[in-house]
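Notes follow the structure.
Number of protein chains: 2
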Amino acid sequence: MSALDVISARDLPAQARVALDEHFGDRVSYSEAIRSQHGQSEAHHAAALPDAVVFAENSEDVVFVVRLCSAHDVKLTAYGAGTSMEGNAIPLYGGISLDMSRMNRILAVNAEDFDVVAEPGVTRNALNNHLRDQGLFFPVDPGADATIGGMASTRASGTNAVRYGTMREAVLGLRVVTADGREIRTARRARKSAAGYDLTHLFVGAEGTLGIITEVTLRLHPIPEVISSAICSFETLEGAAATVIQAIQCGIPLARAEILDDVAMGAVNRWAKLDYPEKTTLFFEFHGSQTAVAEQVATVKELAGGNGGGGFQWSNLPEERARLWKARHEAYYAAVNLRPGAVGWSTDVCVPISRLPECIADTKRDLEAASIPAAILGHVGDGNFHVIFSLDPAAPHEMAEAGDINARLIARALAMDGTCTGEHGVGLGKQDALVDELGDSVDVMRQIKRTLDPRGIFNPGKIFVAG
Amino acid sequence: MSALDVISARDLPAQARVALDEHFGDRVSYSEAIRSQHGQSEAHHAAALPDAVVFAENSEDVVFVVRLCSAHDVKLTAYGAGTSMEGNAIPLYGGISLDMSRMNRILAVNAEDFDVVAEPGVTRNALNNHLRDQGLFFPVDPGADATIGGMASTRASGTNAVRYGTMREAVLGLRVVTADGREIRTARRARKSAAGYDLTHLFVGAEGTLGIITEVTLRLHPIPEVISSAICSFETLEGAAATVIQAIQCGIPLARAEILDDVAMGAVNRWAKLDYPEKTTLFFEFHGSQTAVAEQVATVKELAGGNGGGGFQWSNLPEERARLWKARHEAYYAAVNLRPGAVGWSTDVCVPISRLPECIADTKRDLEAASIPAAILGHVGDGNFHVIFSLDPAAPHEMAEAGDINARLIARALAMDGTCTGEHGVGLGKQDALVDELGDSVDVMRQIKRTLDPRGIFNPGKIFVAG
Chain A
798 MSALDVISAR DLPAQARVAL DEHFGDRVSY SEAIRSQHGQ SEAHHAAALP DAVVFAENSE
858 DVVFVVRLCS AHDVKLTAYG AGTSMEGNAI PLYGGISLDM SRMNRILAVN AEDFDVVAEP
918 GVTRNALNNH LRDQGLFFPV DPGADATIGG MASTRASGTN AVRYGTMREA VLGLRVVTAD
978 GREIRTARRA RKSAAGYDLT HLFVGAEGTL GIITEVTLRL HPIPEVISSA ICSFETLEGA
1038 AATVIQAIQC GIPLARAEIL DDVAMGAVNR WAKLDYPEKT TLFFEFHGSQ TAVAEQVATV
1098 KELAGGNGGG GFQWSNLPEE RARLWKARHE AYYAAVNLRP GAVGWSTDVC VPISRLPECI
1158 ADTKRDLEAA SIPAAILGHV GDGNFHVIFS LDPAAPHEMA EAGDINARLI ARALAMDGTC
1218 TGEHGVGLGK QDALVDELGD SVDVMRQIKR TLDPRGIFNP GKIFVAG
Chain B
798 MSALDVISAR DLPAQARVAL DEHFGDRVSY SEAIRSQHGQ SEAHHAAALP DAVVFAENSE
858 DVVFVVRLCS AHDVKLTAYG AGTSMEGNAI PLYGGISLDM SRMNRILAVN AEDFDVVAEP
918 GVTRNALNNH LRDQGLFFPV DPGADATIGG MASTRASGTN AVRYGTMREA VLGLRVVTAD
978 GREIRTARRA RKSAAGYDLT HLFVGAEGTL GIITEVTLRL HPIPEVISSA ICSFETLEGA
1038 AATVIQAIQC GIPLARAEIL DDVAMGAVNR WAKLDYPEKT TLFFEFHGSQ TAVAEQVATV
1098 KELAGGNGGG GFQWSNLPEE RARLWKARHE AYYAAVNLRP GAVGWSTDVC VPISRLPECI
1158 ADTKRDLEAA SIPAAILGHV GDGNFHVIFS LDPAAPHEMA EAGDINARLI ARALAMDGTC
1218 TGEHGVGLGK QDALVDELGD SVDVMRQIKR TLDPRGIFNP GKIFVAG
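Sequence lines, in order, name chains A and B. The first sequence begins at 798 in our numbering and counts up one residue at a time. The second sequence begins at 798 in our numbering and counts up one residue at a time.
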C-alpha cells in the first residue's frame, strides 16, 4: 500500500473540538471549502482534507494547538502558502491544518547586521517589499511567493542559489514549538556559532515533521550597485551547460544562471506572446559594481560564443532586464499549460555539475520518446533542474507514464552521485528515492523523528514512514 | 562537581584489550607517552589520559572499534591533530583515543565540481598542497594545521569565513560510523539537496559525540586570479570595526578582515621581530579579478581614511603579501608567549556585527583592569573575536581570574544576542554558557544524543552532561 492510498480524514475527538472552539472562535474552520483549500497542492498529488483548519496568530496559539494535538493524538500539519511541489503540506491523515499565513509580522530588520527576524507566514515578496527602502534584499527565490516558514521547512532554493545559497545558508536561526509544547530557540543572531548541535539545520528541510516553526531569522544581502541580465541561445544543451561550468571555473560570481530547453522556450513564447528562438536558452544575472559586472558580462559572452551560443543580449536597465527574464519567470505556468486544462507535475533532481550536461541530455532523450509533453528548466549553476509534465487529468495512464519517467530521472541522478530532490523536498513523492539515495541514514532520520515526535503528530506520512 | 574535576582513567575490560591487540597489533598503544600525548590539548584544559590509543587506517578499523566499544561499554574519543581549544578531544573518562591521522588519503578531487572527497585525517595544509596544481583551494583556515575531520567536528572557521563561510558551509557530506557500528552516508555529492533531514549538519559541530567521521566531502573554490593584501592601523577599536562594517555594507566581498589590538601588535613585534605601530590594526585580503580587486582596495582605503585609519599598505605580490600578513599569522603564539613559559587560554565569542565595536571595547576595558596579559584578535567581518590569555602555570589564581573575565565576556556576548563560541566549540569549557545561550534547546540536543548514542560511548562529558 503506497502512502498515496491512505487518504482518509478522521473526525476530531469531541474534547479537542471544544477546546479549539473555545480558544480560536472564528479562527478555526470546519467548512468543506476551507478544508479543501488546505488539502490541495499546486501539483499532481491527490488531495487529503484536514478535519479542521486553525489560523494561528502568534506563538501562543501554536503552543496551544501542539499541546492539544499531543494530548488527544491529533495529527498536525503546518500550512504556509500552499505552493510546495511534493504534497509536503497535504494533511495525509487528516487532523488539523495549521495555517500560518496570519503570523506575518516582520519583527526586526537589523540592517547593520544584514538580518531580519520575522514570523513564518511572511512571504518572500512581502519581505523584499519591506526591505527595499533599506537597500537590502532576501535572495532565495523559488519562483512562487512562498512563505519563509514553508521555504525553511522544505529547504527551498531557486534561481539565486548559485551565488547566495539556499534556505540552508539563509536561515540563521529559528524558534520552533516542539512536540512537548515548548518553544525553543535554535540559535542566537551571530553570523556563525560552534555552540552545540546545529538544531537550526535539523529543522530546516524537516518538512514540519519535527516541530512547528514560529520565527525565522534570515541573512540578508545589500542590493547590488548594478544588476545586469543577459540571455543567449544555444544549438545544444551541452554547449549551454559547458558555458555555465566554465564561467564558474573562471570564478565569475554568477547571481543566476538558468536554462530552458526548446520545449520550455516554445511554451513561454505561446503563453506570454514572446518570440524568442525556440532553442536551449541560458538566462544570466550578474550582481556587483559597474566595472565588476561589465567584466563578468564580457567574459560570459566570450565563453558562450566559444560554446556555440548566439544572440547574446544584455542590459542593466530594470525594464529591459524584466523583458529579458520574462520568459524565465513565466516558464513554470507556461510549461504546465503546454496543453489547456492540464495539471502540472514538477520534479527536480540535482547532480554534480560536471554530470549535468549528460544528465540533461539523457533526460531530454527520454522526454522526446514520451507521449506527454514535458519541459526542462533548471538552475544550471547548481546542477539542479526540473522536468515539468503537462498532464491530462482525465487520462490516468499519463500519470503512470510521468511516474516512470520520474523514476528513471531519479535513478539517473543517483547513478551520477546526485540527489533525488534539489529543492522540492521528499514529501509524498520521493520516499522510496530517499532510501535509494541515503540508505541507512534514513534509519537515523527515523530515530530522530521518533525521539522528537514520539506520538507522531507532526505532518505524518511525509519524508518516510516513521515506523 | 564540574566536568573538569572528573578526570580519571579506567582500565579497559580484558576482553576488549585482547580484541584490540588482535585486530590492531602495533597500531594500538598503551604507553604512557602516547597516551599522554592524546590526553593533552594545546590550551589550558587539564589533561585526561585514555587507556589506549588506537591508530585507525580505514573505515573498517573504525567500525571494529565502535562495535567493540559498544559491546564493552568503553568510551571512545576521536583524535585528529590535537589543535582544538576547548579540550574537545580530551578523553575525559578514559577509554580509547581513536587517532585518525593515518586516515589521510585524498580519495577524489572532482575539479569540475569544485569538491574533494577525503579521509578525516587529512590536514588542511596537506589538502591545499594537493589541490594547488589544479587551481583550486579549500578556504577554511582556523590558523592551526588541523585535520578536516576535527574541523568538521568542531564546526571550525577562521580568517576566510567572511567570504567563504565556515565548515558548516564547506562540508557537502560525510560518512559516519554510528553507535550501532554502521557506516552511514549523510549526503550525495550534489551541491544542494532537499532530501530528508540534514544529517550532515547534525554531525558537523557535534564534537564527535554522535559518531566517528570516516570521510568528508568538501566544497572547493577556484584560486582567485588576483589576491591582494592590505593592512591599516587605527587610533580606536571603533574606527577599525566601523571600517569593516561599512565595507560589508558596500557589498565588498572581503576575503579576510582581521583585527589585532595594540597588545597583540606589541606581542607580534617582539615575537617575530617586526616593527608595526602598536595600535589596533586591520588585515585585509581581497580575491577577484585585477579590476575588481583594485576597486575593492581603493574603496576600503577610502573607508579606512574616513575612520581614522593610517599607514594603509597593500600589495598583490606573494612575498609582500606574506610580509604584510606575518603579524597576523604569528599572533596566536605571540600572544600566548606574552610571558615566557606561559600557557595559553584562547576563548572566542561571536556577536551580531553591529554590536562588535561595543563588545570589543567593553572587553578591552575589562582586560586593561586585569592582572594578566591578554590580547584581542578577531575575525571582525564575522563579528567573531578571541581573547588570548598568557597564563603563568605556577599561579592558579591566574586561571581563576581568566575564568572570571571569560564568564563576563560570554555574558556580554549573550546580552548582545551573540554566541558563547563562534568557532572553538563547547567542549569542556562552555557547557554552562551553552545552557545560558540556548536554554531548552540543550534538552533537545540531549534527546538526540541519547537516541543516537544510547550507551554514551562517544566523547562523553563534552558539550553537555548527557544525563
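Idealized CB from N, CA, C, for every residue including glycine. None of the values given here were measured: they were computed from a predicted structure.
Q | Integer Cβ distance of Gln1228(B) from Ile1260(B), believed to fall under 8 Å | A | Taking C-beta atoms under 8 Å as the contact rule, Gln1228(B) and Ile1260(B) qualify, at a distance of about 7 Å.
- In angstroms, rounded to a whole number, what distance separates the CA positions of Gly1108(A) and Gly932(B)? About 32 Å.
Tell me which residues share the same chain as Gln1093(B) and place their Cβ nearer than 6 Å to its Cβ, disregarding the 5 neighbours each side in the sequence. Excluding positions up to five away in sequence, the list reads Ile1049, Phe1083.
- Quick one: is Gly1048(A) near chain B, going by C-beta distance under 9 Å? Yes - at least one Cβ of chain B is within 9 Å of the one on Gly1048(A).
Buried or exposed: which applies to Pro1257(B), given that a residue is buried once 16 or more other Cβ atoms fall within 10 Å of its Cβ? Buried, because 16 or more other Cβ atoms sit within 10 Å of the Cβ of Pro1257(B).
Assigned secondary structure, Ile804(B) (DSSP; H/G/I helix, E/B strand, else coil): Residue placement at Ile804(B) is poorly supported in this model, since its pLDDT is 44, which falls under 50; the coordinates still yield a value, given next. Reduced to three states, the DSSP call for Ile804(B) is coil.
Quick one: list the residues of chain A neighbouring His820(B), beta-carbon separation under 7 Å, in chain order.
-> Neighbours of His820(B) in chain A, taken as residues at a C-beta separation under 7 Å, are lacking, since the least C-beta distance is about 23 Å.
- Message: According to DSSP, simplified to helix, strand and coil, what is Gly1048(A)?
- Response: Note: Gly1048(A) maps to coil in three-state DSSP.
| task | Give a yes or no on whether the minimum CB-CB distance between Leu1051(B) and chain A is below 9 Å. | result | So no, Leu1051(B) is outside the interface.
Notebook entry, point to check: Are the stretch 1157-1177 of chain B and the stretch 1124-1136 of chain B touching by the rule of at least three beta carbon pairs closer than 8 Å?
Noted result: Yes: at least three Cβ pairs fall under 8 Å.
| Close beta carbons around Gly1085(B), own chain, < 8 Å, minus the five adjacent residues each side | Annotation for Gly1085(B): Pro1021, Glu1022, Val1023, Pro1050, Gln1093 place their beta carbon closer than 8 Å to its own, counting only its chain and skipping 5 residues before and after.
- Taking the C-alpha atoms as reference points, what is the distance between Thr1248(A) and Gly978(A)? In this structure, the straight-line span from the alpha carbon of Thr1248(A) to that of Gly978(A) is close to 14 Å.
**Q.** Residues sharing a beta bridge with His835(B), DSSP
**A.** Bridge partners of His835(B): none, in fact.
Rounded distance between the beta-carbons of Gly884(B) and Asp848(B), thought under 8 Å: Asp848(B) to Gly884(B), Cβ: 18 Å. No contact.
I'd like the list of long-range same chain contacts for Val959(B), defined as Cβ closer than 6 Å, with 5 residues on each side in sequence excluded.
Closer than 6 Å at Cβ, skipping near neighbours: Leu1051, Ala1054, Gly1178, Asp1179.
**Request:** Starting from the Cα of Ala1044(A), find the closest Cα among Glu1195(A), Leu1079(A), Thr1088(A) and give me that residue.
**Result:** Selected option, being the one with the closest Cα: Leu1079(A).
Next on the checklist: Determine, for Cys866(A), whether the minimum Cβ-Cβ distance to residues of chain B falls below 9 Å.
Outcome noted: Not closer than 9 Å to any Cβ of chain B, the Cβ of Cys866(A) fails to qualify, so no.
Could you spell out the range, first to last residue, of the beta strand (DSSP E) harbouring His1084(A)?
His1084(A): member of the beta strand (DSSP E) spanning 1077-1085, first to last residue.
Kindly indicate which residue of Ser838(A), His1176(A), Ile1009(A), Ser1025(A) has the alpha-carbon position closest to the one of Glu1114(A).
-> Looking at the sequence itself, residue 1114(A) is Leu, so the reference to Glu does not match. Residue Ser1025(A) is the option with its Cα nearest to Leu1114(A).
- Which stretch, first to last residue, makes up the alpha helix (DSSP H) that contains Gly1141(B)? Per DSSP, Gly1141(B) belongs to no alpha helix (DSSP H); it is in the beta strand (DSSP E), 1140-1147.
- Could you tell me whether any Cβ in chain B is nearer than 9 Å to the Cβ of His1221(A)? Yes, because at least one Cβ of chain B sits closer than 9 Å to the Cβ of His1221(A).
Is the beta carbon of Thr1006(B) less than 9 Å from the beta carbon of Asp1250(B)?
Yes.
**Prompt:** Can you tell me whether DSSP reads Leu980(B) as helix, strand or coil?
**Reply:** This sequence places Glu at residue 980(B); Leu is not what is there. Strand.
Open item on the list: Using a Cβ-Cβ distance cut-off of 9 Å, determine whether Phe1083(A) contacts chain B.
Closed with: No, its Cβ sits nowhere closer than 9 Å to a Cβ of chain B.
| field | Inter-stretch contact (C-beta, 8 Å, three-pair minimum) for the stretch 924-939 of chain A and the stretch 867-874 of chain A | value | Taking a cut-off of 8 Å on C-beta distances, the stretch 924-939 of chain A does not touch the stretch 867-874 of chain A, as fewer than three cross pairs fall below it.
- Taking 9 Å as the CB-CB cut-off, is Leu999(B) touching chain A? Under the Cβ criterion of 9 Å, Leu999(B) is counted among the residues facing chain A.
Is DSSP giving Ala1230(A) helix, strand or coil here?
In the structure shown, Ala1230(A) falls within a helical segment according to DSSP collapsed to helix, strand and coil.
Does Ser1151(A) come within less than 9 Å of chain B when only Cβ atoms are used? Yes, contact with chain B.
Candidates Leu1164(A), Gly1215(A), Gly1102(A): which alpha carbon is nearest Arg1152(A)'s? Nearest of Leu1164(A), Gly1215(A), Gly1102(A) to Arg1152(A), Cα basis: Gly1215(A).
| said: Less than 8 Å between C-beta atoms, sequence neighbours within five positions excluded: which residues of the same chain meet that for Trp1068(B)? | reply: Here the set comprises Glu1127, Tyr1130, Ala1131, Asn1134.
For Asp1159(A), report the span of its alpha helix (DSSP H) as first-last. Asp1159(A) -> alpha helix (DSSP H) spans 1153-1165.
Have a look at Gly1106(B) and Gly1036(B) and give me their C-alpha separation to the nearest angstrom.
Looking at the two C-alpha atoms, the distance is approximately 7 Å.
Measure the beta-carbon distance from Thr1218(A) to Val1184(A) and round it to whole angstroms, keeping in mind my assumption that it falls under 8 Å. Going by Cβ atoms, the distance from Thr1218(A) to Val1184(A) rounds to 12 Å, so no, they are not a contact pair.
- What's the C-alpha gap between Leu928(A) and Asn901(A)? The straight-line gap from Cα to Cα measures roughly 14 Å.
ask   = What do you reckon, are the CB atoms on Phe861(A) and Asp896(A) nearer than 9 Å?
value = No, Cβ-Cβ distance for Phe861(A) and Asp896(A) is not below 9 Å.
Quiz item: Which residues mark the beginning and the end of the alpha helix (DSSP H) in which Glu1116(B) is found?
Solution: Boundaries of the alpha helix (DSSP H) harbouring Glu1116(B): 1115-1133, taken from the DSSP string.
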